[in-house]
Amino acid sequence: AQSVTQLGSHVSVSEGALVLLRCNYSSSVPPYLFWYVQYPNQGLQLLLKYTTGATLVKGINGFEAEFKKSETSFHLTKPSAHMSDAAEYFCAVSDQLRNAGNMLTFGGGTRLMVKP
Amino acid sequence: DGGITQSPKYLFRKEGQNVTLSCEQNLNHDAMYWYRQDPGQGLRLIYYSQIVNDFQKGDIAEGYSVSREKKESFPLTVTSAQKNPTAFYLCASSTTGAGSYEQYFGPGTRLTVT
Chain A
1 AQSVTQLGSH VSVSEGALVL LRCNYSSSVP PYLFWYVQYP NQGLQLLLKY TTGATLVKGI
61 NGFEAEFKKS ETSFHLTKPS AHMSDAAEYF CAVSDQLRNA GNMLTFGGGT RLMVKP
Chain B
117 DGGITQSPKY LFRKEGQNVT LSCEQNLNHD AMYWYRQDPG QGLRLIYYSQ IVNDFQKGDI
177 AEGYSVSREK KESFPLTVTS AQKNPTAFYL CASSTTGAGS YEQYFGPGTR LTVT
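Residue numbers (the working numbering), protein chains in the order written: chain A, 1 to 116; chain B, 117 to 230.
Pasting the structure below:
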C-alpha cells in the first residue's frame with residue numbers, strides 16, 4: 001500500500017524566510033505526487049503536481065517541489081514566505097494500485113505559520 | 117464557472133438524526149469522492165465513485181451511505197450509526213483513465229452533531 005509522511009505537523013517561519021515542507025512517500029510503482037493548500041474552513045487547492053519528466057516542478061504562488069526518487073521525497077519549498085502563505089499543506093500520492101491514477105493517499109498535513 | 121459546490125456550509129443536527137450533505141459538480145468528471153477531515157488527522161476517504169450508478173467504500177465507510185444516480189451529483193448521508201459524526205466533510209471530483217489526474221475539491225461542509 002502507498003503511504004505519505006509529512007514531517008512536522010506545524011512549521012513556523014518568519015516573513016521573507018525560506019519555506020520548506022517535507023514529504024516522503026512509499027510506493028511500489030512510479031508515483032504521481034501532489035501538493036495541495038487549504039486555507040481555514042475551505043477546500044483544498046492544487047499547488048503543483050509531478051507526473052513524469054522534469055523532477056523540479058513549479059506551482060502557483062511561487063512554490064516549487066523536487067521529486068527525488070532515491071530519497072522517496074517530494075519536499076515543497078518557497079524562497080520567501082509571505083503572510084498569505086499561512087495555511088495547511090497536504091502532500092498526496094496517486095494510488096495506482098487502487099484501480100486508477102485518480103485515487104489519492106494524503107499525508108497528515110503541515111500547518112505553516114508565518115511570523116511578521 | 118466550472119466547479120464543485122457543497123451545501124450547506126454549516127450544518128447542525130441532533131444526535132440520532134440522519135443528515136444528507138450535498139455535492140454537485142459541473143466539470144463533467146466521472147469520478148467523485150467524499151472525505152472526512154478531523155483536526156490533525158488529514159483527509160480520510162469515506163466513499164468514492166468512478167462512474168454513475170457505481171460506488172465503493174473507502175477507508176471509513178461505516179455509518180455513511182451514498183448514491184450516484186447522476187454524473188453531477190454525489191450526496192453523502194451521515195446516519196445515526198456513525199459514532200462520531202462531527203467533522204469537516206469535503207467532496208472532490210476528477211477525471212479517470214490512463215495517467216494521473218488531480219482531484220478538485222469543493223468548499224466543504226462543517227457538520228456539528230450534539
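Think of the CB as a built atom: it goes at the ideal place given N, C-alpha and C, for glycine as much as any other residue.
Is the Cβ-Cβ distance between residue i and residue j less than 8 Å?
i	j	result
Met-83/A	Glu-15/A	yes
Thr-228/B	Pro-191/B	no
Val-11/A	Thr-110/A	yes
Ser-33/A	Lys-58/A	Checking the sequence, you will find Leu at residue 33/A rather than Ser. Not in contact: Leu-33/A and Lys-58/A (Cβ atoms no closer than 8 Å).
Phe-204/B	Gly-224/B	yes
Lys-250/B	Thr-212/B	Beyond the ends of chain B as shown, which are 117 and 230, falls residue 250/B; an answer cannot be given.
Glu-71/A	Thr-55/A	no
Leu-206/B	Gly-53/A	no
Asn-200/B	Glu-185/B	no
Can you find the residues in the same chain that come closer than 6 Å, C-beta to C-beta, to residue i, ignoring five residues on each side of it along the sequence?
i	result
Ser-123/B	Ser-138
Gly-37/A	It should be noted that the sequence gives Val, not Gly, for residue 37/A. Excluding sequence neighbours, Val-37/A sits near Gln-45, Leu-47, Ala-87, Tyr-89.
Tyr-126/B	Arg-226
Glu-140/B	Thr-121, Glu-188, Ser-189
Glu-132/B	The sequence shown places Gly at residue 132/B, rather than the Glu named in the question. Once the five neighbours on either side are set aside, the close Cβ partners of Gly-132/B are Ser-196.
Ser-73/A	Asn-24
Val-182/B	Tyr-163, Phe-171, Leu-192
Thr-105/A	Gln-2, Val-4, Val-93, Asp-95
Gly-62/A	Lys-78
Thr-51/A	Tyr-32
Looking only at its own chain, which residues have a Cβ that is under 7 Å from the Cβ of residue i, when we skip the five neighbours before and after it?
i	result
Val-19/A	Val-13, Thr-77, Lys-78, Ala-81, Asp-85, Leu-112
Thr-5/A	Asn-24, Gly-107
Ser-210/B	His-145, Ala-147, Tyr-217, Glu-218, Gln-219, Tyr-220
Gly-174/B	Leu-161, Ile-162, Tyr-163, Tyr-164
Please classify residue i as buried or exposed, where buried requires at least 16 neighbouring CB atoms within 10 angstroms.
i	result
Gln-157/B	exposed
Pro-40/A	exposed
Gly-118/B	exposed
Tyr-116/A	Looking at the sequence shown, residue 116/A is not Tyr but Pro. The residue is exposed, with fewer than 16 neighbouring Cβ atoms inside 10 Å.
Gln-2/A	buried
Gln-219/B	buried
Ala-147/B	buried
Leu-21/A	buried
Pro-155/B	exposed
Gly-8/A	exposed
Gln-27/A	According to the sequence as given, residue 27/A is Ser; it is not Gln. By the neighbour-count rule (16 or more Cβ atoms within 10 Å), Ser-27/A is buried.
Phe-128/B	exposed
Can you find the residues in the same chain that come closer than 8 Å, C-beta to C-beta, to residue i, ignoring five residues on each side of it along the sequence?
i	result
Tyr-180/B	Trp-150, Ile-162, Tyr-163, Leu-192, Thr-193, Val-194, Thr-195, Gln-198
Gln-172/B	Tyr-163, Tyr-164, Ser-165, Gln-166
Asn-102/A	Ser-94
Glu-178/B	Ala-197, Gln-198
Ile-176/B	Arg-152, Arg-160, Leu-161, Ile-162
Asn-134/B	Thr-193, Val-194, Thr-195, Ser-196
Leu-143/B	Gly-118, Gly-119, Ile-120, Ser-209, Tyr-220
At a threshold of 7 Å, does residue i count as lining the ligand PLP (C-beta to nearest heavy atom)?
i	result
Ala-65/A	For the ligand PLP, the structure offers nothing, since it holds no ligand at all.
Check each residue of the region 49 to 69 of chain A: if its Cβ is closer than 7 Å to any Cβ of chain B, include it; give the result in chain order.
-> Lys-49, Thr-51
Could you pull out every unbroken beta strand (DSSP E) segment of at least 3 residues lying fully inside the region 158 to 196 of chain B, listed in chain order?
-> 159 to 167, 170 to 173, 180 to 182, 192 to 194
Chain-ordered residues of the region 126 to 151 of chain B with a beta carbon less than 7 Å from chain A = Ala-147
Would you list, in sequence order, the uninterrupted beta strand (DSSP E) runs of no fewer than 3 residues that lie entirely inside the region 71 to 105 of chain A?
-> 73 to 78, 87 to 94
Quick one: which residues of the region 214 to 228 of chain B get their C-beta closer than 9 Å to a C-beta of chain A? List them in chain order.
-> Ala-214, Gly-215, Ser-216, Tyr-217, Glu-218, Gln-219, Tyr-220, Phe-221, Gly-222, Pro-223, Gly-224, Arg-226
What are the residues of the region 191 to 211 of chain B that lie near chain E, defined by any Cβ-Cβ distance shorter than 9 Å?
-> As a matter of chain content, chain E is missing from the structure shown, whose protein chains are A and B.
Taking any Cβ of chain B, which residues in the region 5 to 29 of chain A have a Cβ under 7 Å from it, in chain order?
-> Ser-9
Chain-ordered residues of the region 176 to 191 of chain B with a beta carbon less than 8 Å from chain A | none
Could you please tell me which residues of the region 150 to 175 of chain B, in chain order, have their CB closer than 9 Å to any CB of chain A?
-> Tyr-151, Gln-153, Gly-156, Gln-157, Gly-158, Leu-159, Arg-160, Leu-161, Tyr-164, Gln-166, Gln-172
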